[in-house]
Amino acid sequence: MRIAFFGLPLAALLLHQDGHTIVHAAVCRKGALGLRRLRRVLGKARVSVTPRVDAAFLERFAAEPPDLVVSWFWTKRLPKEALRLAPRGALGVHPSLLPRHRGPDPYFWAIDAGDPVTGVTAHVLEEAYDTGAILAQETIFVHPTWNAWTLAKKLDRPSLRVLRRVVAAEAKGEPYPRVPQDEGLATEAPQPDDDLLELDWHASTAAIVRRVRAAGPWPGAFTRIGHGDDAPTVALLEVEALESYPRALEPGECAVVGENQVIIRTGDGAVAVRAARPEPDDDDGDGTDAPEVWNAARIAEEVRRGGGKKVSEADGAP
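With my numbering, the residue at position 144 of the sequence shown is 144, and numbering never jumps.
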């Protein structure tokens, strides 16, 4: 099977290992894991990094037309001309159980929605994102402690398995049935904006715990801790639901109980903050110089400095 590949090197290397011919690989990220090896295996002339997929780029396939176009974590929309390069069409894998969570950040939405299971979907690529017919799916359970990064890593292997399986079936001339997506079950998974990422402390404890996990570790669900002028804004990276907490607190108020337990009141309970990351003072950074992660002791220190409410341990009684 002759393949025009778009995405991350790992999948291209595995498809090559499976005996398919990669006529050209367009890689979506500079310095991507496996890029050097991919160039060595295919030859530098057959690998492009972050190319502009336009008519000039697609002309290179005229001499070596592919049988199939394959995408694995290609981060930009492929034009219709690319989708029509090959007689067998184009396929890709999306890290959700389509039609649920169509869009660029299904990890966030699967966790934030409290989905007990999620998975990956091999599907036909169409001009509209994530709308093509379903070819195959694989499901996994979502562990209640996973954050978005953990979920993404857990879906890598199922994604590659499904991709290799459907490509092998195409090569054998035994393609998977194409099952149209049920539009009535479709949900969207856009990148979360600051309105979603800023924590609403009137929400339930369960919703806040999910939001912290869904946004972690980047970009992070953020809030101010403390109430004075010096109270810092932080991204909460790990929180734990509490059964016992100071009833004197109002939603959004925080306090240090004991030595270093930072508690923030929610709409129906409270959480303890276990890890946080200070937010930068401006938006000029590109995220490459990651600030330190604060542990419970450092968070408690900042809450005391920032005017956290003073409560006694006795206030924790129901």
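Virtual Cβ for every residue (Gly too), placed ideally from N, Cα, C.
Distance, residue 262 Cα to residue 143 Cα: Residue 143 and residue 262 have their C-alpha atoms roughly 25 Å apart.
Coil, strand or helix - residue 199 by DSSP: In the structure shown, residue 199 sits in coil (DSSP, three-state: anything other than H, G, I, E or B).
Neighbourhood of residue 37 by C-beta, 8 Å cutoff - its chain only, sequence neighbours within 5 removed: Excluding sequence neighbours, residue 37 sits near 9 and 13.
Simplified DSSP assignment, three categories, for residue 311: In this predicted model, residue 311 has a pLDDT of only 46, less than 50, meaning its place in the structure is not dependable; the value taken from the coordinates is given anyway. In the three-state DSSP reduction, residue 311 falls in the coil class, being neither helix nor strand.
The segment 186 to 202 in contact with the segment 101 to 112 per 3-pair CB rule at 8 Å: They touch, by the three-pair rule.
Alpha carbon of residue 116 to alpha carbon of residue 217, nearest angstrom: Cα-Cα distance, rounded: 20 Å.
Environment of residue 149 [buried if 16+ CB atoms lie within 10 Å]: It is exposed - the Cβ of residue 149 has fewer than 16 other Cβ atoms within 10 Å.
Residue 134 versus 147, 41, 163 and 154, residue with shortest Cα-Cα distance: When only C-alpha atoms are compared, the closest one is 163.
Residue 129 to residue 257 span [Cα, whole Å]: Taking the straight line joining both Cα atoms gives about 48 Å.
Endpoints, beta strand (DSSP E) assigned at residue 123: In the DSSP annotation of this structure, the continuous segment of the beta strand (DSSP E) that includes residue 123 starts and ends at 117 to 124.
Test: residue 106 CB closer than 8 Å to a CB of chain D: Absence of chain D from the displayed structure is noted, only one protein chain being present.
Contact under 8 Å by Cβ, residue 197 with residue 219: The answer is yes: Cβ separation under 8 Å.
Euclidean distance between Cα positions of residue 378 and residue 213: The chain is shown from 1 up to 318; residue 378 falls before or after that span and cannot be answered.
Inter-stretch contact at 8 Å, needing at least 3 Cβ pairs: the segment 47 to 64 / the segment 73 to 93: Note that the segment 47 to 64 touches the segment 73 to 93; at least 3 beta-carbon pairs, one per stretch, sit closer than 8 Å.
Any beta strand (DSSP E) of 3 or more consecutive residues that is wholly inside the segment 197 to 276: Whole beta strand (DSSP E) segments, 3+ residues: 221 to 224, 233 to 242, 254 to 257 and 261 to 265.
Beta strand (DSSP E) runs contained entirely in the segment 121 to 160, provided each spans 3 or more residues: DSSP runs (the beta strand (DSSP E)) wholly in the segment 121 to 160: 134 to 141.
Residue 73 in three-state terms, based on DSSP: The three-state secondary structure of residue 73, taken from DSSP, is coil.
Proximity test, residue 210 beta-carbon vs the ligand FAD heavy atom, cut-off 7 Å: The model on display carries no ligand, and the ligand FAD is accordingly not part of it.
Check whether residue 114 and residue 140 have beta carbons under 8 Å apart: No, these two residues do not count as a Cβ contact at 8 Å.
Distance CB(residue 4)-CB(residue 23) smaller than 8 Å: Yes, these two residues count as a Cβ contact at 8 Å.
Residue 167 to residue 62 span [Cα, whole Å]: About 22 Å.
Reduced DSSP secondary structure (H/G/I, E/B, other) of residue 188: Residue 188 falls in the strand class under three-state DSSP.
Opening and closing residue of the alpha helix (DSSP H) in which residue 303 lies: Start and end: 296 to 305.
CA-to-CA distance, residue 123 to residue 201, given in whole angstroms: Cα to Cα, the separation comes out at about 39 Å.
Residue from 174, 165 and 296 whose Cα sits closest to the Cα of residue 15: With distances taken between CA atoms, residue 15 lies nearest to 165 out of 174, 165 and 296.
Spatial distance of residue 11 from residue 169 (CA atoms): CA-CA distance, residue 11 to residue 169, rounds to 16 Å.
Sequence-distant residues of the same chain with beta carbon closer than 6 Å to residue 20, five excluded per side: Same-chain partners within the cutoff: 1 and 3.
Buried or exposed (CB count within 10 angstroms, at least 16 for buried), residue 266: Counting other Cβ atoms within 10 Å of its Cβ, residue 266 reaches 16 or more and is therefore classed as buried.
The segment 147 to 161 in contact with the segment 63 to 71 per 3-pair CB rule at 8 Å: Not touching, per the Cβ criterion.
Reduced DSSP secondary structure (H/G/I, E/B, other) of residue 47: Three-state result, residue 47: strand.
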